[in-house]
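Trainee: Chains as they are written, first to last, in full-length UniProt numbering: chain A, 1 to 196; chain B, 1 to 196.
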Ligand SMILES: [Ca+2]
């Protein structure tokens, strides 16, 4: 007999599988197909684990990993909002709030509250863990573009100034990683992939 | 200036991206395409996080999450060995050892040793964390088959007896989850998806 609690958890985990069908704008590093948000979340968590020592203060690493694993689940309902698409970004918050309500709401109430709090923490960007997670999430998004001669930056004609502006939070959450990111942007301009 | 240490970490994370191109035998729950190992690793980690309370003893959850995130990286070189394919399973260990050596070896030595130890821990199945991780990994593999009228069990003509035999480790790492799994297998037989 499966308890109601376990049934709710399995219903949530079944629904979560949908994240594998949500496509992002970036491609894989070694393959031209677009990346889905589930595999991105894995790469993000692995990156956070591997680069944690570069955070400016000691972190509660398990909380960073949990944030990485759950923060994008809202995209199942709200879709991936391309960071350079101003209209999609406008009502992003509202769409994602409703999604968080529904998706985390599949869980037993205490877990729904826990996951919702992790998601809120990431959105609020007030803790070192949330800021480091945001830094790594963005670095993770930049990596395939850097490795693929500009990738989606070139595809969407984004300038170095906009890439810098959008990714500046890396410098807040992880200054050492922002140095790396700035080097990538500089190199992308030098190699003529993107304009200043 | 990127330090040598950070360069090694980024080289590892770039290589890790390949896991998104390794296909498993199971399909997604809501989509017929085959699942790749990176998105599986994410689902596995989310499942471990969500179901941790069903472990028979209190766990070091961060270690379980780390195991989930890194244990399948060897498939980049060794491929996914289908659990019902006896010949692929025969030299699995050897192929995966070499892969672990190369892939974790991209990291700075202390991290290479840490990730290798996590992988060895999972393979050895001697700690509650490794056993719980193995249980969740298998439950994660069963879920899409259960949700899709037998899925790859039907595709490969696997009997209930073999599914039971292959997934029995769930009962070792998480008896409460094995009860669920046994219920799924019983239902699969009752509904005529698979034979006894
Ligand atoms: Ca996102």
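Ideal Cβ placement from N, Cα and C applies to all residues, glycine included.
Which whole-angstrom value is the C-beta distance of residue 177 of chain A and residue 59 of chain A, which I expect to be below 8 angstroms?
Mentor: Here residue 177 of chain A is taken as the residue at index 177 of the first chain, counted from 1. Here residue 59 of chain A is taken as the residue at index 59 of the first chain, counted from 1. Your pair residue 177 of chain A and residue 59 of chain A does not check out as a contact, with CB atoms roughly 13 angstroms apart and the cut at 8 angstroms.
Trainee: Below 8 angstroms between beta carbons is the criterion; list the residues of the region 51 to 80 of chain B that meet it against any residue of chain A, in chain order.
Mentor: 51, 54, 61, 62, 65, 66, 69 and 70
Trainee: Mind listing, in chain order, the continuous beta strand (DSSP E) runs of no fewer than 3 residues lying wholly within the region 32 to 58 of chain A?
Mentor: 34 to 36
Trainee: Between which two residues does the alpha helix (DSSP H) holding residue 152 of chain B run?
Mentor: Against the second chain, residue 152 of chain B aligns to sequence position 152. Residues 151 to 155.
Trainee: Run through the DSSP bridge pairs and tell me what residue 159 of chain A is partnered with.
Mentor: Mapped onto the first chain, residue 159 of chain A falls at position 159. Paired residue(s): none; residue 159 of chain A is not in a bridge.
Trainee: Could you give the first and the last residue of the continuous alpha helix (DSSP H) run that contains residue 14 of chain B?
Mentor: By one-based count along the second chain, residue 14 of chain B stands at place 14. Here the alpha helix (DSSP H) through residue 14 of chain B covers 4 to 16.
Trainee: With DSSP as the reference, label residue 23 of chain B as helix, strand or coil.
Mentor: Position 23 of the second chain, counted from the start, is the residue given in the question as residue 23 of chain B. Three-state DSSP puts residue 23 of chain B in a strand.
Trainee: For the region 107 to 128 of chain B, which residues have a CB atom closer than 9 angstroms to at least one CB atom of chain A, in sequence order?
Mentor: 107, 111 and 115
Trainee: Taking all protein chains shown into account, decide if residue 4 of chain A is buried (16 or more other Cβ within 10 angstroms of its Cβ) or exposed.
Mentor: The sequence position of residue 4 of chain A within the first chain is 4, counting from 1. With fewer than 16 other Cβ atoms within 10 Å, it is exposed.
Trainee: I need the straight-line Cα distance from residue 8 of chain B to residue 73 of chain B, nearest angstrom please.
Mentor: If you number the second chain from 1, residue 8 of chain B lands on position 8. If you number the second chain from 1, residue 73 of chain B lands on position 73. C-alpha separation (whole angstroms): 16 angstroms.
Trainee: Please tell me whether residue 183 of chain A has its Cβ less than 8 angstroms away from any Cβ of chain B.
Mentor: Reading the first chain from its first residue, position 183 is the one you call residue 183 of chain A. Contact with chain B is found for residue 183 of chain A, since one of that chain's Cβ atoms lies less than 8 angstroms from the residue's Cβ.
Trainee: If contact is defined by three or more beta carbon pairs under 8 angstroms, each pair taking one atom from either stretch, is the region 165 to 183 of chain A in contact with the region 139 to 146 of chain A?
Mentor: yes
Trainee: Is residue 43 of chain A close to chain B, meaning its C-beta is less than 8 angstroms from at least one C-beta of that chain?
Mentor: By 1-based counting over the first chain, the position of residue 43 of chain A is 43. It does: the Cβ of residue 43 of chain A has a partner Cβ on chain B nearer than 8 angstroms.
Trainee: Please report the distance separating the alpha-carbon of residue 110 of chain B from that of residue 138 of chain B.
Mentor: Reading the second chain from its first residue, position 110 is the one you call residue 110 of chain B. Reading the second chain from its first residue, position 138 is the one you call residue 138 of chain B. Distance between the alpha carbons of residue 110 of chain B and residue 138 of chain B: 30 angstroms.
Trainee: Would you tell me roughly how many angstroms separate the C-alpha atoms of residue 194 of chain B and residue 187 of chain B, rounded to the nearest one?
Mentor: In the second chain, residue 194 of chain B corresponds to position 194, counting from 1. In the second chain, residue 187 of chain B corresponds to position 187, counting from 1. Cα-Cα distance, rounded: 10 angstroms.
Trainee: Put residue 87 of chain B into one of helix, strand or coil per three-state DSSP.
Mentor: The residue you call residue 87 of chain B lines up with position 87 of the second chain. Note: residue 87 of chain B maps to helix in three-state DSSP.
Trainee: Measuring CB to CB, does residue 54 of chain B end up less than 8 angstroms from residue 133 of chain B?
Mentor: Start at 1 with the first residue of the second chain, and residue 54 of chain B comes out as number 54. Start at 1 with the first residue of the second chain, and residue 133 of chain B comes out as number 133. Their beta carbons are not under 8 angstroms apart, which means residue 54 of chain B does not touch residue 133 of chain B by this criterion.
Trainee: Could you give the DSSP three-state label for residue 60 of chain A: helix, strand or coil?
Mentor: To locate residue 60 of chain A, count along the first chain from 1; it is residue 60. Coil.
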